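Reminder that position 62 of the sequence shown reads as 461 in my numbering, one-by-one numbering, no gaps.
C-beta atoms are modelled at their ideal positions from N, C-alpha and C, and glycine is treated no differently.
This one's a predicted model, so the numbers in the text were calculated from it and none came from an experiment.
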Amino acid sequence: MNRLFIAAILLTVAVSCQNYKKDVSKLTQERDSIAREAELKDSAVTGYLEDFNEIMATLDSIKTMEKLVTVKSSGQREMSYTQKQAILDDVALLNEMLQKNKEQLAALQKKLNNANYKVGKLNSTIAELERLVSSLQKQVDEKDAEIARLNTDVQNLSRDVIQLNEKIAVMETESQEKSNTIDRQVQELNKAFFVIGSRKELEESGVVDRSGGFMGIGRTSVVKEDFNKEVFTAVDIRDFAYIPLNTKKAEVITVHPAGSFHISGEKTADTLFIDNQNIFWNASKFLVIVTK
Numbered sequence: 400m401n402r403l404f405i406a407a408i409l410l411t412v413a414v415s416c417q418n419y420k421k422d423v424s425k426l427t428q429e430r431d432s433i434a435r436e437a438e439l440k441d442s443a444v445t446g447y448l449e450d451f452n453e454i455m456a457t458l459d460s461i462k463t464m465e466k467l468v469t470v471k472s473s474g475q476r477e478m479s480y481t482q483k484q485a486i487l488d489d490v491a492l493l494n495e496m497l498q499k500n501k502e503q504l505a506a507l508q509k510k511l512n513n514a515n516y517k518v519g520k521l522n523s524t525i526a527e528l529e530r531l532v533s534s535l536q537k538q539v540d541e542k543d544a545e546i547a548r549l550n551t552d553v554q555n556l557s558r559d560v561i562q563l564n565e566k567i568a569v570m571e572t573e574s575q576e577k578s579n580t581i582d583r584q585v586q587e588l589n590k591a592f593f594v595i596g597s598r599k600e601l602e603e604s605g606v607v608d609r610s611g612g613f614m615g616i617g618r619t620s621v622v623k624e625d626f627n628k629e630v631f632t633a634v635d636i637r638d639f640a641y642i643p644l645n646t647k648k649a650e651v652i653t654v655h656p657a658g659s660f661h662i663s664g665e666k667t668a669d670t671l672f673i674d675n676q677n678i679f680w681n682a683s684k685f686l687v688i689v690t691k
């Protein structure tokens, strides 16, 4: 009898110990599950908040730059080409920043959707984050509309820049044409002509003729009224200071003031030096030298 009672007691204790171990194991699993879920929740929320803060920072940068662009575009009635180009560059950067902001926002929304599916106990936290994201999306949409307005302004600026470039091109062309015209005029003003030859050569060339004298005696060479200009050599009087003659005698028969030139050489005529270009060429731009 006693043995049966003791056996019964031992069996009850064994069963109880077995149940206790199962309960302890179950509680341990639940504890570990709660700990993992809490860790997952903290990690997820931290990641979401980091993404959210990054998006907010980008949006703040967009707002700041937008104000600067607005001030630039409205501060002056007339802007230079450089100022207009700077505004175009700023708006292009704004568009890039806004696009990046949209992509970040879409990525965060996708993470939140996945989190709702995977972590059921984060519903309240994710719901709050979704509300913040929705508010942020509204702000981004507003910035999108404002930047669209800026894009319209930029298109107008682009037209202004194109028109300005066209005006500059026309002005540069006109300026170049005027410069070329002035250069040609200056060259013409400083252009002179000379010819050297014996009396016979110059007569045959149609440059000089003989006049005066008596019965062929004492006649002198003079430049014909309709002399042949084809045999003359053109020079620039600014660079033309002397003419080598290398002859026994030489005579200048065109009109040039005395003292504005001289011929060097004691017994021969070596070189004609022009001592004062302005005075020398003032009376005539054609120089005729008869050699003997």
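Within 10 Å of its beta-carbon, does residue i have 16 or more other beta-carbons around it, so buried, or fewer, so exposed?
i: A649; result: buried
i: I567; result: exposed
i: L504; result: buried
i: V689; result: buried
i: L507; result: buried
i: V731; result: Past the edges of the chain, shown from 400 to 691, lies residue 731, and the structure says nothing about it.
i: L588; result: exposed
i: V607; result: buried
i: V585; result: exposed
i: V654; result: exposed
i: K520; result: In this prediction, K520 has a pLDDT of 48, which is less than 50 and means its spatial position is unreliable; what the coordinates show is noted afterwards. Classification for K520: exposed.
i: A544; result: exposed
i: L409; result: Low confidence applies here, because L409 scores a pLDDT of 46, under 50, leaving its location unreliable; read the following figure in that light. Counting Cβ neighbours within 10 Å, L409 comes out exposed, since fewer than 16 surround it.
Just grab the DSSP bridge partners of residue i for me.
i: R609; result: S620
i: S574; result: According to DSSP, S574 bridges with nothing at all.
i: D635; result: K590
i: E650; result: V689
i: A668; result: T646
i: S597; result: T690
i: I673; result: F660
For the candidate residues the options, whose alpha-carbon lies nearest to that of residue i?
i: K590; options: L492, T690, Q503, Q676; result: Q676
i: K628; options: A505, I662, T619, I595; result: I595
i: T632; options: Q586, Q584, E453, F685; result: F685
i: S610; options: S663, K623, L601; result: K623
i: A682; options: I652, T690, G664; result: I652
i: N564; options: Q508, T481, K499; result: T481
i: F660; options: N645, F679, V607, I636; result: F679
i: S604; options: N513, N645, V687; result: V687
i: F592; options: K599, I561, F626; result: F626
i: K666; options: A491, P656, K691, A657; result: K691
i: N494; options: K510, R548, N513; result: R548
i: R383; options: R583, V621, R558; result: Here the chain comprises residues numbered 400 to 691, so residue 383 is not present and cannot be evaluated.
i: V630; options: E502, L601, G664; result: L601
i: E541; options: A657, V634, K501; result: K501
i: S663; options: K510, N645, E576; result: N645
i: A491; options: K537, N452, T551; result: T551
i: K499; options: N512, N513, E453; result: E453
Could you tell me the boundaries of the beta strand (DSSP E) in which residue i lies?
i: I688; result: 685-690
i: S663; result: 660-663
Output the boundary residues of the alpha helix (DSSP H) element that contains residue i.
i: F679; result: 676-679
i: K628; result: That residue, K628, is in no alpha helix (DSSP H); it is neither H nor E in DSSP.
Taking 7 angstroms as the line, does the beta carbon of residue i fall inside it for any heavy atom of the ligand FAD?
i: M496; result: This structure simply doesn't include the ligand FAD, nor any ligand for that matter.
- request: For the stretch 671-678 and the stretch 638-649, state whether three or more C-beta atom pairs, one from each stretch, are separated by less than 8 angstroms.
  value: Short answer: they touch.
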